[in-house]
Structures are given as structure tokens and as C-alpha cells.
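**Q**
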Amino acid sequence: KAGVTQTPRYLIKTRGQQVTLSCSPISGHRSVSWYQQTPGQGLQFLFEYFSETQRNKGNFPGRFSGRQFSNSRSEMNVSTLELGDSALYLCASSIKREGNEQFFGPGTRLTVL
Amino acid sequence: AQSVTQPDIHITVSEGASLELRCNYSYGATPYLFWYVQSPGQGLQLLLKYFSGDTLVQGIKGFEAEFKRSQSSFNLRKPSVHWSDAAEYFCAVGDDNYGQNFVFGPGTRLSVLP
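Quick mapping for you: the protein sequence lines, in order, are chains A and B.
Mapped onto the working numbering, the consecutive letters of the first sequence carry residue numbers 974 to 1086.
Mapped onto the working numbering, the consecutive letters of the second sequence carry residue numbers 5 to 118.
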């Protein structure tokens, strides 16, 4: 069974631009979560989607948004990029929601210049 | 709110030596506990998990962890470290109320000396 895939793997953007990251979960997994990883803040939860609905949201500004499609694939969007948005963005999928183990993708490395 | 601490930012051990990575959590009920490993530039790989039952859990790559409710700890151990174990290790906690909002510890970087 294929693992979680994320595209693109690397992105370079400039301040003020917007970016869309994509995540394809493991087949049959309906929950997709997104995390931001930075050296200073570590791993921080962004949001979780289950059956196309955002179920949980972390403490991030409204510039960070996401969605999930009927095939469970998910996208996250960051608008008006700031230098501090440079990070590794990780997507994780799981079969169900509550407390279930999550399987992580390799991440998308976003650099904002 | 849940929280996870990993007191050791960086640990160096010699190949073949034993290893223990510490993890303490703060949570009112019995949480779901996980250990993940991350190699440079990679995503996170699950080593092991604790949901309930036997407090000593076995994971992949020869790792094990013990849940101690009285100490709010979930320490990771390995009897003999291999050079390929050099990586960053994260402890995480989740529960039913938070869905898939895992809270991760800050991580412990493991270096292995030949």
C-alpha cells in the first residue's frame, strides 16, 4: 500500500505570494492532518480534516487554510506569505480520528524569500 | 491542555550502548502515546504506540517504551544502539477529545559515535 505523498517536495516563494500544498493520504484513510515544523517552534498542529470537513484547528492565523476533497486528498493554502512561514509542512493521515496513529508524508519544504 | 516535554535536547551514545530517551506528558486522563523518529529531511515514522493494556510496548527497530502513569512518563529504550539510529525522536500525545490534534514534544536529537 502506498504511503502518504506530498507535492511538491520543495518550494521557493517570495513574501506576499500565496502557495498551495497537496497531500494524498493512504488509501482508505479519511482523516488528514497538517503540521508545521520549524527549528524554533517544533511540530505544531495546523488543522485536521475528516470527510471533507475541518474538525480541528490549531493556533494559526487565517492566512492558513485548507480543504479536503471527496477522495480524501487534501490541500493547504497559505496566502500573503511571510518570512516566518518558511518551514517543513507535514501531512499525516489516519483511518479514523480519535487517537489513532498517524502516518506521515515526507513533507514539503517551503522557503520564503 | 495537553503538553509533552522531552528534557534532553541532544544525546550522544556510542554504538552498541543502551539508550533511554525521556518523555513526560501532562494530561488528565489516560492519553494515547506515541514515539516517532525523523531522519534528516524526512517525514516522521512511527516507532511504537500505547493506547491501553500492557504498559511495556514493543516497537519497530528493537525499540520499546514503558508507560508509567504515576510518573506521567513514556520513556523510549533500546538495549543496543546502531549507527543508523542517529535521528530526531519525538514523543507525542493524543486523545479522543482532540481527534488527530497530536501534541508533540520538542524532540531529542540522537547522535551515535562509532
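Backbone N, C-alpha and C fix where the C-beta goes; we use that ideal spot for every residue, glycine too.
Can you tell me where the beta strand (DSSP E) with B/ARG81 in it begins and where it stops?
**A** 77-82
**Q** Going by the beta-carbon positions, is the gap between B/LEU48 and B/VAL61 smaller than 8 Å?
**A** no
**Q** Do you know offhand how far A/PHE1077's Cα is from B/SER74's?
**A** 31 Å
**Q** Determine, using beta carbons only, whether A/PRO1079 comes closer than 8 Å to chain B.
**A** Yes, A/PRO1079 lies at the interface with chain B (some Cβ there is under 8 Å from its Cβ).
**Q** Between the Cα of A/CYS996 and the Cα atoms of A/GLY989, A/SER1004 and A/GLN990, which residue gives the shortest distance?
**A** A/SER1004
**Q** Anything in chain B within Cβ reach of A/GLY1015, meaning under 9 Å, just list it in chain order.
**A** Within chain B, the residues near A/GLY1015 are PHE94, PHE108, GLY109, PRO110 and GLY111.
**Q** B/LEU62 lies in the beta strand (DSSP E); which residues open and close that run?
**A** As written in the sequence, residue 62 of chain B is Gln, which differs from the Leu given in the question. From DSSP, the beta strand (DSSP E) with B/GLN62 extends over 60-62.
**Q** Here's the rule: buried if 16 or more other CB atoms are within 10 angstroms of the residue's CB, otherwise exposed. What is A/GLN1027?
**A** exposed
**Q** Taking C-alpha atoms, which residue in B/CYS27, B/LEU117 and B/THR16 lies nearest to B/ALA96?
**A** B/CYS27
**Q** Pull the bridge partners of B/HIS14 from the DSSP assignment, please.
**A** Beta-bridge pairing by DSSP links B/HIS14 to B/ARG113.
**Q** Nearest CA to the CA of A/LEU1055: which residue from A/SER1067, A/GLU1021, A/GLN991 and A/GLY1080?
**A** It is Glu, not Leu, that sits at residue 1055 of chain A in the sequence shown. It is A/GLN991.
**Q** Under the three-state reduction of DSSP, which class applies to A/LEU1086: helix, strand or coil?
**A** coil
**Q** Just confirm the distance between the C-beta atoms of A/GLY1080 and A/LEU1061, as a whole number of angstroms; I'd bet it's less than 8 Å.
**A** 4 Å
**Q** Tell me which residues share the same chain as B/VAL8 and place their Cβ nearer than 6 Å to its Cβ, disregarding the 5 neighbours each side in the sequence.
**A** TYR29, CYS95, VAL97, VAL107 and GLY109
**Q** Measuring alpha carbon to alpha carbon, tell me which of A/THR978, A/SER1052 and A/VAL1085 ends up nearest A/SER1000.
**A** A/THR978
**Q** Rounded to a whole number of angstroms, what is the C-alpha to C-alpha distance between B/ASN105 and A/ASN1029?
**A** 7 Å
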